[in-house]
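Undergrad:
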Amino acid sequence: MDPGFPPSAVFSAALTIVFLFFAIIVPCLQHFRNVFFPQTKEKKLKNRGHKKTKKSPFPLQKLPALPLELIASLMEKEERLCTALTSTKTENMLMSLWLPRVTGHTILICDQGNGLVADIIIGDENQSYFVVGCGAYDQRTPDHIRVWTVPKWCTTNRSTIYNTRMVYNKIAKLFPTDRLDLCIGRAKTRHIERILSASEFEKWRMASVKERIEKTAMDLIMSNVKTGRTLTCARDAQFPVNYHHDKAFCFEECEYYNAHWVRLHHLLSMKRVRKVTLVHTNLTPRDLNFFIRHCIQSEGQVCYSANIILADIGVDMDALMYGFLYVEDSNLALIMKGMVRVLCAILKTAMNGDGNDSRFAYICVAGSQVFCRIYHQDEGAEYMNVLEAMKARRNLNGSNSAMKKAIEEFVQDPERRYSLTME
Numbered sequence: 001m002d003p004g005f006p007p008s009a010v011f012s013a014a015l016t017i018v019f020l021f022f023a024i025i026v027p028c029l030q031h032f033r034n035v036f037f038p039q040t041k042e043k044k045l046k047n048r049g050h051k052k053t054k055k056s057p058f059p060l061q062k063l064p065a066l067p068l069e070l071i072a073s074l075m076e077k078e079e080r081l082c083t084a085l086t087s088t089k090t091e092n093m094l095m096s097l098w099l100p101r102v103t104g105h106t107i108l109i110c111d112q113g114n115g116l117v118a119d120i121i122i123g124d125e126n127q128s129y130f131v132v133g134c135g136a137y138d139q140r141t142p143d144h145i146r147v148w149t150v151p152k153w154c155t156t157n158r159s160t161i162y163n164t165r166m167v168y169n170k171i172a173k174l175f176p177t178d179r180l181d182l183c184i185g186r187a188k189t190r191h192i193e194r195i196l197s198a199s200e201f202e203k204w205r206m207a208s209v210k211e212r213i214e215k216t217a218m219d220l221i222m223s224n225v226k227t228g229r230t231l232t233c234a235r236d237a238q239f240p241v242n243y244h245h246d247k248a249f250c251f252e253e254c255e256y257y258n259a260h261w262v263r264l265h266h267l268l269s270m271k272r273v274r275k276v277t278l279v280h281t282n283l284t285p286r287d288l289n290f291f292i293r294h295c296i297q298s299e300g301q302v303c304y305s306a307n308i309i310l311a312d313i314g315v316d317m318d319a320l321m322y323g324f325l326y327v328e329d330s331n332l333a334l335i336m337k338g339m340v341r342v343l344c345a346i347l348k349t350a351m352n353g354d355g356n357d358s359r360f361a362y363i364c365v366a367g368s369q370v371f372c373r374i375y376h377q378d379e380g381a382e383y384m385n386v387l388e389a390m391k392a393r394r395n396l397n398g399s400n401s402a403m404k405k406a407i408e409e410f411v412q413d414p415e416r417r418y419s420l421t422m423e
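First residue of the sequence shown: 1, per the UniProt record's numbering; consecutive thereafter.
#1: Checking the sheet assignment: what are the DSSP bridge partners for residue 87?
#2: Can you say whether residue 233 is buried or exposed, counting buried as having 16 or more other CB atoms within 10 angstroms of its CB?
#3: For the beta strand (DSSP E) containing residue 258, name the first residue and the last one.
#4: Take every Cβ of the segment 293 to 306, pair it with every Cβ of the segment 325 to 333, and state whether three or more of those distances are shorter than 8 Å.
#5: Give me the DSSP bridge partner(s) of residue 239.
#6: Provide the residue span of the beta strand (DSSP E) that contains residue 181, from first to last.
#7: Please report the residue range of the alpha helix (DSSP H) in which residue 219 lies.
#8: With distances taken Cα to Cα, identify the nearest neighbour of residue 143 among 151, 65, 153, 129.
#9: Taking just the CA atoms, how far does residue 124 sit from residue 138?
#10: CA-CA distance, residue 90 and residue 134?
#11: Bridge partners of residue 60, per DSSP?
#12: Could you have a look at residue 174 and say whether DSSP puts it in helix, strand or coil?
#13: Cα-Cα, which of 228, 176, 372 is closest to residue 341?
#14: Rank 186, 253, 337 by C-alpha distance to the C-alpha of residue 272 and give the top, closest one.
#15: What separation, rounded to the nearest whole angstrom, lies between the Cα atoms of residue 74 and residue 100?
#16: I need the boundaries of the beta strand (DSSP E) containing residue 305, first residue and last residue.
#17: Flag residue 249 as yes when its Cβ comes closer than 7 Å to any non-hydrogen atom of the ligand MG, and as no otherwise.
#18: Return the chain-ordered list of same chain residues with a C-beta closer than 6 Å to the C-beta of residue 395, the five sequence neighbours on each side being excluded.
#19: What do you get for residue 239, buried or exposed, if any count of 16 or more other CB atoms within 10 angstroms of its CB means buried?
#20: Under 8 Å Cβ to Cβ from residue 280, same chain only, skipping five residues before and after it: list those, please.
#21: So, for residue 472: in the same chain, excluding its five sequence neighbours on each side, which residues have a beta-carbon less than 6 Å away from its beta-carbon?
#22: Taking Cβ to Cβ, would you say residue 180 is nearer than 8 Å to residue 210?
#23: In or out: residue 376 buried (at least 16 other Cβ within 10 Å) or exposed?
#24: Between the beta-carbon of residue 132 and the beta-carbon of residue 171, is there less than 8 Å?
#25: I'd like the list of long-range same chain contacts for residue 243, defined as Cβ closer than 6 Å, with 5 residues on each side in sequence excluded.
#26: DSSP state of residue 295, grouped into three classes?
#27: Would residue 217 pass as a contact of residue 192 if the rule is Cβ separation under 8 Å?
#28: Compare the beta carbon distance of residue 293 and residue 347 with 8 Å and say whether it is the shorter of the two.
#29: Does any C-beta atom of chain C lie closer than 8 Å to the C-beta of residue 118?
#30: How many Å lie between residue 360 and residue 282 at the Cα?
#31: Under the three-state reduction of DSSP, which class applies to residue 249: helix, strand or coil?
#32: Looking at the strands, I want to know which residues DSSP matches up with residue 148.
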């Protein structure tokens, strides 16, 4: 009988074969599989017992409306804009919230040669400005002001005005306000027309013309007069000498730096104007006298306040105050400054009971500058005391000089004089 292998040797040989299988054969088979049948990273992690890692959404999207509203309201302007640009979902969420209002928006339009500048300027109570540019870069932008661009909200094959409208729709929701102003530089008439006709900008409050524009463009601006609107034309906004527009003085407030074209009939066309400012004019004291008398005598309000620089150096007080009974402030400090303050001026016809005594004028003259404010009998505070004294002496016997002397004695009280000169 041939001797067989002992059981211990058979067991050892079996262990050796198993070890070689797992140590050599299995790795070779795995390498063969990876070469010809590669696996994805996610599948490898899954095979190793790890869960697949999903990309989490933006954290703000998980917040309820009230906490999100609080966080968004505390964000700086830059942060709020950048957050809205992260995704369409976040943008829609922010625009649906109640957000604190800013002091105002300004649309700046100017063609400076390298393209049309169309900036949206957002202001706040700290006099700081946040600018979003929709067109060419404004070369006059101060270095400390950054202009933000939003290509995500713009369309490359559309006009600058169109993109400005689309961007402003979103800006108005992210930074709500009750005031919109227009700042117009040197731009073509068609650009100004498209801005004025856009529904996004139809509620503008003030239009500031900073540079010379075509007459047709200026006519378009003046034709858009509405209650509560203001028009200002700066130094570089030029007008033809014979310029005329029926609504030039129908704005609630209007300011014309170059006003050589303004004539008396322009002033007489005013209705319910709160304030008018004219810097360079060809008007005379007689023109202004007629205008002030018109303001006092008219049944409706013509102009509440006027600040006009006359053509002549120095004002002829006799021509300016013709037909008025008035009291001058004898404050020496004002006189030394070359100023004349007419505390109260009322038409002589009103003193005789033949005219309108419900209004009177306060006038301040300094050099060739005349400031005039028209008061109603229910206004004027301390000036009313002077007016009442003038009315009480309506039947006073004697000349106008005697009446003026009596009224001047009335305002000699130091306390009353202080209140008059400090107003």
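No residue lacks a Cβ here, since even glycine has one placed at the ideal position from N, Cα and C.
On a predicted model such as this, the values are computed, not experimentally measured, just so you know.
TA: Taking the coordinates as given:
#1: Looking at the DSSP assignment, residue 87 forms no beta bridge with any residue, so it has no partner.
#2: buried
#3: Where residue 258 is concerned, the enclosing beta strand (DSSP E) stretches over 253 to 259.
#4: no
#5: In DSSP, residue 239 forms no bridge with anything.
#6: 180 to 184
#7: 215 to 223
#8: 129
#9: 21 Å
#10: Going by the C-alpha atoms only, they are around 22 Å apart.
#11: DSSP lists no partner for residue 60.
#12: If DSSP states are grouped into helix, strand and coil, residue 174 belongs with the helices.
#13: 372
#14: 253
#15: 9 Å
#16: 303 to 309
#17: The ligand MG is not part of the structure shown, which contains no ligands of any sort.
#18: With a pLDDT of 43 at residue 395, under the threshold of 50, the modelled position of this residue cannot be trusted; read the value that follows with caution. Apart from sequence neighbours up to five positions away, no residue of its chain approaches residue 395 with a beta-carbon distance below 6 Å.
#19: buried
#20: 257, 258, 259, 260, 309
#21: Any question about residue 472 goes unanswered here, given that the chain covers just 1 to 423.
#22: no
#23: Classification of residue 376: exposed, given that the 10 Å Cβ count is below 16.
#24: yes
#25: So the list reads 261, once near-sequence residues are dropped.
#26: DSSP, read as helix, strand or coil, puts residue 295 in helix.
#27: yes
#28: yes
#29: Considering every chain present, this structure includes no chain C. It has just one protein chain.
#30: 26 Å
#31: In the structure shown, residue 249 sits in coil (DSSP, three-state: anything other than H, G, I, E or B).
#32: 132
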